[in-house]
Every structure is written in structure tokens, then in C-alpha cells.
Amino acid sequence: MKEGKLIVLSAPSGSGKTTLVRYLLHKEELNLGFSISAASRDPRGAEIHGKDYYFLSLREFKDKIKAEEFLEWEEVYRDNFYGTLKSEVQRLWNQGKHVIFDIDVVGGLDIKKIYPDRTLAIFIKPPSIEELKIRLKKRKTESEDKINMRVAKASTEMATAPQFDAIVTNDNLENAKEEVYQLVKKFLLR
Ligand code: 5GP
629 MKEGKLIVLS APSGSGKTTL VRYLLHKEEL NLGFSISAAS RDPRGAEIHG
679 KDYYFLSLRE FKDKIKAEEF LEWEEVYRDN FYGTLKSEVQ RLWNQGKHVI
729 FDIDVVGGLD IKKIYPDRTL AIFIKPPSIE ELKIRLKKRK TESEDKINMR
779 VAKASTEMAT APQFDAIVTN DNLENAKEEV YQLVKKFLLR
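Each residue of the sequence shown is one higher than the last, beginning at 629 in the working numbering.
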């Protein structure tokens with residue numbers, strides 16, 4: 629079995645981690661492939677099945693849990709399950725790529741536990757909870773209720789930051805991009 633390395637970017641929702649993941653994916657020399665997670669929520673905006681997520685029904689998701697098809701999975705919000713399929717990591721490794729994950733803090737730390745030496749786990753920190761709320765509102769993709777739910781969760785998530793290999797504060801996007809790029813490059817060249 630061919631095995632590459634794993635790069636985890638975890639953060640509270642709205643911290644800008646997706647932008648940072650996209651930035652790293654464009655750096656061809658890093659040879660990264662995006663781990664498409666499975667999710668039991670509905671697609672949002674322009675999201676595409678098989679590109680942003682594998683959108684599954686709640687039933688399909690639970691069947692795959694039973695069949696032990698997940699490397700890690702979690703009920704991130706009530707009835708909203710997210711997880712990494714073992715087959716997804718293998719698919720990217722088979723292509724000779726390192727895998728990059730855009731997942732929540734618990735899932736990120738789970739991956740680190742499963743592959744402690746081959747994983748670089750980076751925590752992306754929003755400048756503040758207040759700023760996070762502003763960003764989520766600007767995104768205009770979620771209802772007020774859902775925004776409040778995500779903000780409430782963010783405080784607990786922030787407390788897990790010290791368990792990561794590195795913490796990058798995203799108060800200036802250009803600096804954050806450069807910082808994650810250097811961290812990932814150094815780790816992959818080790
Ligand atoms: P969203 O609904 O905003 O796309 O994602 C909600 C949360 O689920 C985010 O924090 C996201 O990182 C997390 N998430 C996405 N994919 C996975 C996954 O495969 N596993 C886990 N544990 N969390 C995930």
C-alpha cells in the first residue's frame with residue numbers, strides 16, 4: 629500500500645481555513661490532493677457532489693458507519709454528520725499525492741492520533757469570536773440560528789488549539805497564507 633503524508637487544517641467555521649486550503653492546493657510543488665469528506669447535510673450555494681463533499685442521506689451515512697468505511701466521522705451539528713472515508717485517503721495516495729483535510733477540530737485531532745508521524749495538524753485561529761460572527765454573517769449562507777450555533781461551538785473549539793502541531797492566526801490573509809505554506813513545505817520535505 630502506498631502512503632503519503634497528511635495535512636490537516638482545522639478551525640472554527642468562518643475562520644478562513646477553506647481559503648487557505650485552496651491556496652495550498654494551487655501550489656503544485658506541494659503535490660496535495662483534497663480529501664473530499666462525506667456529509668449528511670444538503671448542498672449549500674454552488675457546492676457540487678463529489679467535489680466539495682460526497683453528499684449522503686442520513687441513512688446512507690449511518691450505513692457506512694456500520695460498515696466501518698470511515699477513518700473518522702462525527703456528528704458536527706445535530707443530524708449533520710461529517711466524515712472521512714478510508715477509500716478517499718487511499719484514492720489520493722494511489723495518485724501519489726499527499727492528502728489535505730479541511731475538517732473540524734475533533735476530526736483533525738483524530739487523524740493526528742491515527743497517523744501521528746505522517747500528519748501535520750494546523751489550527752487556524754480567527755482574530756476573535758466577534759470577527760468570526762461578522763464573517764459568517766457576510767457569507768449569507770446560513771440562517772441567524774445556524775450562525776449562533778456555529779459561534780457557540782467556536783469557543784469550545786478554540787480551547788483545543790494547544791493540541792495541534794502549529795497555530796496560525798488568520799488576522800491578515802496574506803500573512804496566514806505564507807505561514808501555512810512554509811509550515812507545510814517544511815513538513816513535506818522532512
Ligand atoms: P460546513 O457545513 O461549514 O461545510 O462544515 C461544518 C464543519 O464540519 C466544519 O467545521 C468542517 O470543517 C467540518 N467537517 C467537514 N468535513 C469533515 C470531516 O470529514 N470530518 C469531520 N470530523 N469534520 C468535517
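Where a beta carbon is used, it is the ideal one built from N, C-alpha and C, also for glycine.
Values in this document were obtained by computation on a predicted structure and should not be read as measured data.
C-beta contact flag for residue i and residue j at 7 Å
| i | j | result |
| --- | --- | --- |
| E635 | L748 | Going by the sequence as given, residue 635 is Ile instead of Glu. Yes, these two residues count as a Cβ contact at 7 Å. |
| K753 | T797 | yes |
| L764 | G642 | yes |
| V808 | L648 | yes |
| E700 | D738 | yes |
| K703 | S663 | Just to set this straight, residue 703 is Glu in the shown sequence, not Lys. No. Outside cutoff. |
| I757 | A780 | no |
| T769 | G644 | no |
| I742 | A794 | no |
| K766 | Y651 | no |
| D799 | P755 | yes |
Nearest-angstrom Cβ-Cβ length linking residue i and residue j, presumed shorter than 8 Å
| i | j | result |
| --- | --- | --- |
| S665 | I728 | Actually they are not in contact, since the Cβ atoms of S665 and I728 sit about 12 Å apart, beyond 8 Å. |
| V733 | S668 | Not confirmed; about 19 Å, so no contact. |
| L811 | P640 | The pair is not a contact, with the Cβ atoms about 19 Å apart (cut-off 8 Å). |
Identity of the residue in the options nearest residue i by Cα
| i | options | result |
| --- | --- | --- |
| G632 | E716, H726, V649, V717 | H726 |
| G678 | E759, R719, I742 | R719 |
| R778 | T712, R706, P790, F792 | R706 |
| Q723 | P790, M786, G661, K655 | G661 |
| N708 | M786, L653, K694, F689 | F689 |
Cβ-heavy atom distance, residue i to the ligand 5GP, below 6 Å
| i | result |
| --- | --- |
| Y710 | yes |
| I676 | no |
| D799 | no |
| S665 | yes |
| S641 | yes |
Next on the checklist: List, from N- to C-terminal side, the alpha helix (DSSP H) runs of 4 residues or more that fit wholly inside the region 728–812.
Outcome noted: For secondary structure counted as the alpha helix (DSSP H) over 4 or more consecutive residues, the region 728–812 holds these complete runs in sequence order: 733–742, 757–767, 772–786.
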